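Visitor: The listed protein sequences derive, respectively, from chains U and F.
267 is the number that this note's numbering gives to position 267 of the first sequence; each next residue is one higher, with no gaps.
132 is the number that this note's numbering gives to position 132 of the second sequence; each next residue is one higher, with no gaps.
Protein chains: 2
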Amino acid sequence: MSELRRPRVGHIEFLNCVPIYWGLMRSGALLDVDLTRASPVALNDALVAGELDIAPISLVEYLRHAEDLVLLPGVAVGSDGPVLSVNIVHERPLSALDGGRVALGSSSRTGVLLAQMLLTEKYGVDCEFVQAEPDVPRMLEKADAAVVIGDVALRAMYEAPQRGLSVTDLGAAWRDWAGVPMVFAVWAVRREFAQKNPGQVKAVHDAFLRSVRLCLAELDVVAEATSRWEPFDASTLAGYFRSLDFSLGERQLTGLRAFAEKAAARGEVPPLPTEGPDLFCG
Amino acid sequence: MSELRRPRVGHIEFLNCVPIYWGLMRSGALLDVDLTRASPVALNDALVAGELDIAPISLVEYLRHAEDLVLLPGVAVGSDGPVLSVNIVHERPLSALDGGRVALGSSSRTGVLLAQMLLTEKYGVDCEFVQAEPDVPRMLEKADAAVVIGDVALRAMYEAPQRGLSVTDLGAAWRDWAGVPMVFAVWAVRREFAQKNPGQVKAVHDAFLRSVRLCLAELDVVAEATSRWEPFDASTLAGYFRSLDFSLGERQLTGLRAFAEKAAARGEVPPLPTEGPDLFCG
Numbered sequence: 001m002s003e004l005r006r007p008r009v010g011h012i013e014f015l016n017c018v019p020i021y022w023g024l025m026r027s028g029a030l031l032d033v034d035l036t037r038a039s040p041v042a043l044n045d046a047l048v049a050g051e052l053d054i055a056p057i058s059l060v061e062y063l064r065h066a067e068d069l070v071l072l073p074g075v076a077v078g079s080d081g082p083v084l085s086v087n088i089v090h091e092r093p094l095s096a097l098d099g100g101r102v103a104l105g106s107s108s109r110t111g112v113l114l115a116q117m118l119l120t121e122k123y124g125v126d127c128e129f130v131q132a133e134p135d136v137p138r139m140l141e142k143a144d145a146a147v148v149i150g151d152v153a154l155r156a157m158y159e160a161p162q163r164g165l166s167v168t169d170l171g172a173a174w175r176d177w178a179g180v181p182m183v184f185a186v187w188a189v190r191r192e193f194a195q196k197n198p199g200q201v202k203a204v205h206d207a208f209l210r211s212v213r214l215c216l217a218e219l220d221v222v223a224e225a226t227s228r229w230e231p232f233d234a235s236t237l238a239g240y241f242r243s244l245d246f247s248l249g250e251r252q253l254t255g256l257r258a259f260a261e262k263a264a265a266r267g268e269v270p271p272l273p274t275e276g277p278d279l280f281c282g
Numbered sequence: 001m002s003e004l005r006r007p008r009v010g011h012i013e014f015l016n017c018v019p020i021y022w023g024l025m026r027s028g029a030l031l032d033v034d035l036t037r038a039s040p041v042a043l044n045d046a047l048v049a050g051e052l053d054i055a056p057i058s059l060v061e062y063l064r065h066a067e068d069l070v071l072l073p074g075v076a077v078g079s080d081g082p083v084l085s086v087n088i089v090h091e092r093p094l095s096a097l098d099g100g101r102v103a104l105g106s107s108s109r110t111g112v113l114l115a116q117m118l119l120t121e122k123y124g125v126d127c128e129f130v131q132a133e134p135d136v137p138r139m140l141e142k143a144d145a146a147v148v149i150g151d152v153a154l155r156a157m158y159e160a161p162q163r164g165l166s167v168t169d170l171g172a173a174w175r176d177w178a179g180v181p182m183v184f185a186v187w188a189v190r191r192e193f194a195q196k197n198p199g200q201v202k203a204v205h206d207a208f209l210r211s212v213r214l215c216l217a218e219l220d221v222v223a224e225a226t227s228r229w230e231p232f233d234a235s236t237l238a239g240y241f242r243s244l245d246f247s248l249g250e251r252q253l254t255g256l257r258a259f260a261e262k263a264a265a266r267g268e269v270p271p272l273p274t275e276g277p278d279l280f281c282g
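(1) With distances taken from CA atoms, which of U:E61, U:P181, U:V102 is nearest A263 of chain U?
(2) Cα separation between N16 of chain F and T36 of chain F?
(3) Beta-carbon of D32 of chain F versus every beta-carbon of chain U: anything under 8 Å?
(4) With distance defined between alpha-carbon atoms, name the residue in U:R92, U:M25, U:G10, U:G23 nearest to D53 of chain U.
(5) If you draw a straight line from the alpha carbon of S27 of chain F to that of R228 of chain F, how long is it in whole angstroms?
(6) Spatial neighbours of S107 of chain F within its chain, please: C-beta separation below 7 Å, excluding the five flanking residues on both sides.
(7) Using three-state DSSP, classify G78 of chain U as helix, strand or coil.
(8) Could you run through the region 187 to 207 of chain U and flag, in chain order, every residue whose CB is less than 7 Å away from some CB of chain F?
(9) So, at 6 Å on beta carbons, what are the nonlocal neighbours of V167 of chain U in its own chain, with the 5 sequence-adjacent residues on each side left out?
(10) Which ranges does the alpha helix (DSSP H) cover as unbroken runs of at least 4 residues, wholly within the region 5 to 55 of chain U, from first to last along the chain?
(11) What residues of chain F sit near R92 of chain U, judged by a beta carbon separation below 8 Å?
(12) At least one CB of chain U closer than 8 Å to the CB of A217 of chain F: is that the case?
(13) Do L170 of chain F and V83 of chain F count as a contact pair if the criterion is CB distance below 8 Å?
(14) Does the Cβ of M1 of chain U have 16 or more other Cβ atoms within 10 Å, making it buried, or fewer, making it exposed?
(15) Looking at C-beta atoms only, is the number of pairs between the region 180 to 192 of chain F and the region 237 to 256 of chain F that lie closer than 8 Å three or more?
(16) Looking at G105 of chain F: is its Cβ nearer than 8 Å to the Cβ of A76 of chain F?
(17) At 9 Å on the CB atoms, spell out the chain F contacts of T226 of chain U, in chain order.
(18) Is the number of C-beta pairs between the region 217 to 224 of chain U and the region 233 to 246 of chain U that are closer than 8 Å three or more?
(19) Just verifying my parser: in three-state terms, what is the DSSP assignment at E268 of chain F?
(20) Determine the DSSP secondary structure at R101 of chain U, reduced to helix, strand or coil.
(21) Of all the alpha helix (DSSP H) runs that stay within the bounds of the region 160 to 246 of chain U, which reach a length of 4 or more residues?
(22) Compare the beta carbon distance of L201 of chain U and G100 of chain U with 8 Å and say whether it is the shorter of the two.
(23) Exposed or buried, R266 of chain F, counting other C-beta atoms within 10 Å across all chains shown (16 or more means buried)?
(24) Under the assumption that G111 of chain F contacts V183 of chain F (Cβ atoms under 8 Å), give the Cβ distance between them as a whole number of angstroms.
(25) In chain F, which residues lie with their C-beta within 7 Å of the C-beta of R6 of chain U?
(26) Cα-Cα, which of F:S58, F:V70, F:G78 is closest to Q252 of chain F?
(27) Can you check whether the C-beta of W174 of chain F is within less than 8 Å of a C-beta belonging to chain U?
(28) Run through chain U and tell me which residues come within less than 8 Å of R26 of chain F, C-beta to C-beta.
(29) So is W22 of chain U in contact with chain F if we call contact Cβ pairs under 8 Å?
(30) If you drop the 5 nearest sequence neighbours on each side, which residues of the same chain put their C-beta closer than 6 Å to that of R257 of chain F?
(31) I'd like the list of long-range same chain contacts for R6 of chain F, defined as Cβ closer than 7 Å, with 5 residues on each side in sequence excluded.
(32) Considering only residues of the same chain and omitting the five flanking positions on each side of R210 of chain F, which have a CB-CB separation below 8 Å?
(33) Three-state secondary structure (DSSP) at V112 of chain F?
(34) Ordered along the chain, which non-local residues of its own chain (more than five positions away) have a Cβ less than 8 Å from that of D144 of chain U?
(35) What residues in its chain sit with their C-beta under 6 Å from that of L279 of chain U, if we drop five residues either side in the sequence?
(36) Contact defined as beta carbons within less than 8 Å: I believe A55 of chain U pairs with L63 of chain U. What is the distance between those atoms, to the nearest angstrom?
Structure, rendered in structure tokens:
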């Protein structure tokens with residue numbers, strides 16, 4: 001009697017990934033994976049350390065470890081315009097942050113780098129960047145702007161106006177600046193695992209593609225079910241889910257390469273090979 | 001904006017509970033619970049310690065902590081005859097174990113007590129009981145019989161004949177002896193949680209009842225899907241799932257009370273109140 005090991009797969013415990021979880025659940029695919037639910041940062045580390053075989057990973061972390069990883073095409077978390085949940089929260093206009101201090105939320109990798117690119121390269125401001133726990137009121141006690149992602153950022157967007165704060169949506173700002181979609185997280189498989197278990201990776205990849213299709217068809221149901229437990233109503237959640245782009249096709253890859261090029265120019269990541277990124281083709 | 005907390009619910013990571021997981025998954029109920037997947041013993045401890053709100057719990061542990069817990073009717077893991085996965089593996093007939101040593105697998109609470117009842121009360125043997133890790137070959141190095149449950153027991157049942165070992169199915173032996181079904185695990189909610197959150201408990205209870213109905217209708221699909229990752233083929237798994245009784249109705253409660261009475265007579269648990277067990281009625 002042989003014993004197979006289910007692939008160790010990561011799942012982001014943020015609202016933005018609930019639709020993908022829904023798809024994995026309703027399609028029955030959860031039975032075929034050993035799922036670890038955690039924060040993006042914890043999943044980044046676990047995939048890089050080889051504690052997971054397949055997981056979503058922050059674009060920046062993927063670029064840093066592209067040698068060990070292969071991307072799963074067709075699935076990502078990105079946006080082609082406003083993303084609602086990757087934000088700079090600020091008191092004065094971004095162009096007036098020169099000489100100021102910007103707090104970078106510790107739960108973000110790609111969002112905080114995008115914010116730094118935007119502030120220094122587009123707005124030409126010279127400011128100090130400091131790491132901070134992702135808690136907007138506390139960040140703004142010691143800084144002039146706060147970069148946050150995920151549920152914290154989504155909530156900040158709704159609460160900022162009543163506190164006299166401005167919010168810059170980094171998905172929209174990137175689109176406006178670079179003219180291409182932004183990709184915040186990709187799904188990757190460890191290269192060694194993919195070489196040894198191509199059939200298993202293909203099965204998980206197919207399951208993710210099915211999940212994305214299924215959840216897109218049922219976004220209102222997902223939003224309704226999710227709203228029972230979250231501080232957002234169903235229509236807010238449906239709008240949020242629809243602002244996200246869960247696909248990774250040619251346009252998104254163009255956006256990914258544009259971001260990779262800017263990140264490499266800043267010395268933050270190694271350059272992507274010309275034909276990169278390396279895509280899994282089961 | 002209010003923030004609700006999902007009920008903290010336990011799930012047994014044994015093959016016998018895959019059908020229930022399937023039901024929770026396919027019905028979408030997983031989205032409404034904060035699910036912890038663990039071994040039965042870990043879940044027993046977590047529910048008793050208040051780290052979970054609702055969880056499956058070994059019948060013996062339920063009886064020991066019945067004051068703090070309320071049973072969810074309609075869902076259980078039991079059998080009305082062979083259960084296939086709660087076994088005594090032995091070299092000589094049970095009646096010849098007098099003066100011998102029986103190793104009790106540490107992953108079991110109810111199964112090991114049932115084995116002790118059967119050996120001492122039905123077979124009248126006087127033997128030494130010792131705790132051991134649930135590993136049949138190792139247990140039999142130092143004992144004449146081994147009591148194991150779950151996947152280990154199921155595998156032992158298939159492997160025993162070729163090793164010249166006998167297997168006594170404790171579900172069948174109980175049925176034969178007591179004339180009523182056996183209940184190995186029940187689902188319970190902490191009394192305090194149920195008093196404070198009756199609506200949430202009703203929702204989770206309904207989800208479990210739906211899951212049981214759904215999985216019973218799809219047992220062959222569940223078996224086929226599960227067989228990809230387990231050392232058993234689909235028909236073996238389907239047979240196993242069909243041997244289990246996931247219900248908790250009047251007949252099963254009669255079996256539960258009969259076991260509780262014998263357990264109390266041995267001083268292992270406090271007696272159930274006459275009108276017990278206390279059932280949740282949402």
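By construction, the Cβ of each residue, glycine as well, lies at the ideal position given by its N, Cα and C atoms.
Keep in mind it's a predicted model, so treat the numbers as computed, not measured.
Guide: Considering the structure as presented:
(1) Residue mapping note: residue 263 of chain U aligns to position 263 of the first sequence, counting from 1. Closest in C-alpha terms to A263 of chain U, from the list U:E61, U:P181, U:V102, comes U:E61.
(2) Working through the second sequence from its first residue, we reach residue 16 of chain F at position 16. Working through the second sequence from its first residue, we reach residue 36 of chain F at position 36. N16 of chain F and T36 of chain F: Cα-Cα distance of roughly 16 Å.
(3) Against the second sequence, residue 32 of chain F aligns to sequence position 32. For D32 of chain F, the answer is yes, since a Cβ of chain U falls inside 8 Å of its Cβ.
(4) Position 53 of the first sequence, counting from 1, holds the residue named residue 53 of chain U. Answer by Cα proximity: U:G10.
(5) Stepping through the second sequence from its first residue, residue 27 of chain F is reached at position 27. Stepping through the second sequence from its first residue, residue 228 of chain F is reached at position 228. Between S27 of chain F and R228 of chain F, the C-alpha separation is close to 22 Å.
(6) Numbered from 1 along the second sequence, position 107 holds the residue referred to as residue 107 of chain F. Around S107 of chain F: S39, P40, V41, P134, I149, G150.
(7) For this step, residue 78 of chain U is matched to residue 78 along the first sequence. In the structure shown, G78 of chain U sits in a strand (DSSP, three-state: E or B).
(8) Listed in chain order, the positions of the region 187 to 207 of chain U with a beta carbon within less than 7 Å of a beta carbon of chain F would be empty, since no residue qualifies.
(9) The sequence position of residue 167 of chain U within the first sequence is 167, counting from 1. Around V167 of chain U: N87, V89, M157, A160.
(10) The qualifying runs are 18 to 26, 40 to 48.
(11) Working through the first sequence from its first residue, we reach residue 92 of chain U at position 92. Residues of chain F passing the Cβ test: none, with the nearest at roughly 27 Å.
(12) Reading the second sequence from its first residue, position 217 is the one you call residue 217 of chain F. So, not an interface residue.
(13) To locate residue 83 of chain F, count along the second sequence from 1; it is residue 83. To locate residue 170 of chain F, count along the second sequence from 1; it is residue 170. For V83 of chain F and L170 of chain F, yes; Cβs fall inside 8 Å.
(14) In the first sequence, the residue the question calls residue 1 of chain U occupies position 1. Since pLDDT at M1 of chain U reaches only 39, below the 50 mark, its modelled position is unreliable, and the value read off the structure follows with that caveat. When all chains shown are included, M1 of chain U counts as exposed.
(15) At 8 Å Cβ cutoff, the stretches touch.
(16) Locating residue 105 of chain F in the second sequence gives position 105, counting from the first residue. Locating residue 76 of chain F in the second sequence gives position 76, counting from the first residue. No, the pair does not count as a contact, with Cβ atoms beyond the cut-off.
(17) Against the first sequence, residue 226 of chain U aligns to sequence position 226. Contact note: T226 of chain U reaches chain F through L31, using a C-beta cutoff of 9 Å and chain order.
(18) Yes, since at least three Cβ pairs between the region 217 to 224 of chain U and the region 233 to 246 of chain U fall closer than 8 Å, the two stretches touch.
(19) For the purposes of this step, residue 268 of chain F is identified with residue 268 of the second sequence, where counting begins at 1. In the structure shown, E268 of chain F falls within a coil segment according to DSSP collapsed to helix, strand and coil.
(20) The sequence position of residue 101 of chain U within the first sequence is 101, counting from 1. DSSP places R101 of chain U in strand when its eight states are reduced to three.
(21) DSSP runs (the alpha helix (DSSP H)) wholly in the region 160 to 246 of chain U: 170 to 178, 191 to 196, 198 to 217, 219 to 227, 234 to 243.
(22) Residue 201 of chain U sits at position 201 when you count from the first residue of the first sequence. Residue 100 of chain U sits at position 100 when you count from the first residue of the first sequence. For the sequence presented, residue 201 of chain U should be read as Val rather than Leu. Not a contact, by the Cβ cut-off of 8 Å.
(23) By 1-based counting over the second sequence, the position of residue 266 of chain F is 266. Classified as exposed, R266 of chain F has fewer than 16 neighbouring CB atoms from the shown chains inside 10 Å of its CB.
(24) On the second sequence, residue 111 of chain F is found 111 positions in, with the first residue counted as 1. On the second sequence, residue 183 of chain F is found 183 positions in, with the first residue counted as 1. Actually they are not in contact, since the Cβ atoms of G111 of chain F and V183 of chain F sit about 12 Å apart, beyond 8 Å.
(25) Indexing the first sequence from 1 puts residue 6 of chain U at position 6. Simply W229.
(26) For the purposes of this step, residue 252 of chain F is taken as residue 252 along the second sequence, with counting starting at 1. In terms of CA proximity to Q252 of chain F, F:G78 leads the group F:S58, F:V70, F:G78.
(27) To locate residue 174 of chain F, count along the second sequence from 1; it is residue 174. Residue contact with chain U for W174 of chain F: absent (no Cβ-Cβ distance below 8 Å to any residue of chain U).
(28) For the purposes of this step, residue 26 of chain F is identified with residue 26 of the second sequence, where counting begins at 1. In chain order, M25, R26, G28 make up the part of chain U whose C-beta sits under 8 Å from the C-beta of R26 of chain F.
(29) Translated into positions along the first sequence, residue 22 of chain U becomes position 22. Under the Cβ distance rule, W22 of chain U counts among the residues neighbouring chain F, one pair being separated by less than 8 Å.
(30) By one-based count along the second sequence, residue 257 of chain F stands at place 257. The answer is none, since no qualifying residue turns up.
(31) Position 6 of the second sequence holds residue 6 of chain F. The residues D32, V33, D34, in chain order, have a CB closer than 7 Å to that of R6 of chain F in the same chain once the five nearest residues on each side in sequence are set aside.
(32) In the second sequence, residue 210 of chain F corresponds to position 210, counting from 1. Cβ within range, chain order: G23, S27, A29.
(33) The sequence position of residue 112 of chain F within the second sequence is 112, counting from 1. In the structure shown, V112 of chain F sits in a helix (DSSP, three-state: H, G or I).
(34) For the purposes of this step, residue 144 of chain U is taken as the residue at position 144 of the first sequence. Counting only Cβ-Cβ distances below 8 Å, and skipping sequence neighbours, we find H90, E91, R92, L97, G100, R101, V102, C127.
(35) Position 279 of the first sequence holds residue 279 of chain U. Counting only residues of its own chain and dropping the five nearest sequence neighbours on each side, L279 of chain U has a CB closer than 6 Å to the CB of L71, P73.
(36) For this step, residue 55 of chain U is matched to residue 55 along the first sequence. For this step, residue 63 of chain U is matched to residue 63 along the first sequence. Actually they are not in contact, since the Cβ atoms of A55 of chain U and L63 of chain U sit about 15 Å apart, beyond 8 Å.
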